[in-house]
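In this note's numbering, the protein residues as written are 29 to 253. All C-beta atoms, glycine included, are put in the ideal place defined by N, C-alpha and C. In this text, all values refer to a predicted model and were calculated from it rather than measured experimentally. What follows is one structure encoded as structure tokens, with my remarks underneath.
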């Protein structure tokens, strides 16, 4: 069934390309590198707190009309890196990446990689790592951008780095980490709660609740917790 608000345009199988990138970039997702990366994020948050007045004063220029193109470019590049991270992590645990392409969600282009093979991983932590890999890389890039931005004297480069910080931190937290949308945060939450088909089961629970409260209906099917 064709949905004009959700159009998928596949580009092919990226498995071979990701295998070539694995020796170069795969180490970023090792346990040691991940712990170091989280430490870098914490230090970047401290640095940003120290420079919060400078950061807040620069915020006025982010949504200026002449900055929209730079925001779009930063967003496109970050999402490409985001999807590559999903694919590399999926391969790391033995999964395959069958397809990559672009999804036009409400006419907005979004890159995607098909890592549904990760759903078959026996370890839920491997599944969670695969789902979180894109956000991890974006936040890591945002952290590096924070340190560079705090020392940057060039106004042009400082402005570009500011765009990267905003798009790689706030946008990925608001959208990708949001469990109310069926993106990365949703699948992470589903595995953390150990509840498969979380969306359909939560919808059924809400229907039962409103049916009981508003219509006085009694459940004919087993209650959903």
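CB of residue i within 8 Å of CB of residue j, strictly
{"i": "residue 215", "j": "residue 133", "result": "no"}
{"i": "residue 65", "j": "residue 189", "result": "no"}
{"i": "residue 68", "j": "residue 171", "result": "yes"}
{"i": "residue 54", "j": "residue 114", "result": "no"}
{"i": "residue 48", "j": "residue 129", "result": "no"}
{"i": "residue 211", "j": "residue 204", "result": "yes"}
{"i": "residue 41", "j": "residue 120", "result": "no"}
{"i": "residue 174", "j": "residue 76", "result": "yes"}
{"i": "residue 199", "j": "residue 79", "result": "no"}
{"i": "residue 217", "j": "residue 226", "result": "yes"}
{"i": "residue 34", "j": "residue 112", "result": "no"}
heavy atom of the ligand NAD below 7 Å from residue i C-beta
{"i": "residue 98", "result": "For the ligand NAD, the structure offers nothing, since it holds no ligand at all."}
Buried versus exposed, by CB contacts within 10 Å (16 or more), residue i
{"i": "residue 183", "result": "exposed"}
{"i": "residue 166", "result": "buried"}
{"i": "residue 150", "result": "exposed"}
{"i": "residue 144", "result": "exposed"}
{"i": "residue 60", "result": "exposed"}
{"i": "residue 195", "result": "buried"}
{"i": "residue 141", "result": "buried"}
{"i": "residue 13", "result": "The first residue shown for the chain is 29 and the last is 253, placing residue 13 beyond what the model contains."}
{"i": "residue 123", "result": "buried"}
{"i": "residue 58", "result": "exposed"}
{"i": "residue 92", "result": "exposed"}
{"i": "residue 82", "result": "exposed"}
Beta strand (DSSP E) segment containing residue i, residue limits
{"i": "residue 40", "result": "34 to 40"}
Residue range of the unbroken alpha helix (DSSP H) whose run includes residue i
{"i": "residue 178", "result": "152 to 179"}
{"i": "residue 238", "result": "226 to 242"}
{"i": "residue 198", "result": "183 to 199"}
{"i": "residue 59", "result": "59 to 78"}
{"i": "residue 213", "result": "212 to 220"}
{"i": "residue 245", "result": "Looking at the DSSP string, residue 245 is not in any alpha helix (DSSP H), and its letter there is neither H nor E."}
{"i": "residue 45", "result": "43 to 53"}
Exercise. For the 8 Å Cβ check, are there 3 or more pairs between the stretch 217 to 234 and the stretch 135 to 144?
Worked result: no
Problem set entry | Every unbroken beta strand (DSSP E) within the stretch 83 to 139, with a cutoff of 3 residues, ordered by chain | 128 to 133
Problem set entry | Three or more C-beta pairs below 8 Å linking the stretch 85 to 96 and the stretch 104 to 119 | no
Exercise. Given 8 Å as the limit, is there contact between the stretch 145 to 157 and the stretch 92 to 101, that is, 3 or more CB pairs closer than that?
Worked result: No: the two stretches stay apart, fewer than three of their Cβ pairs being nearer than 8 Å.
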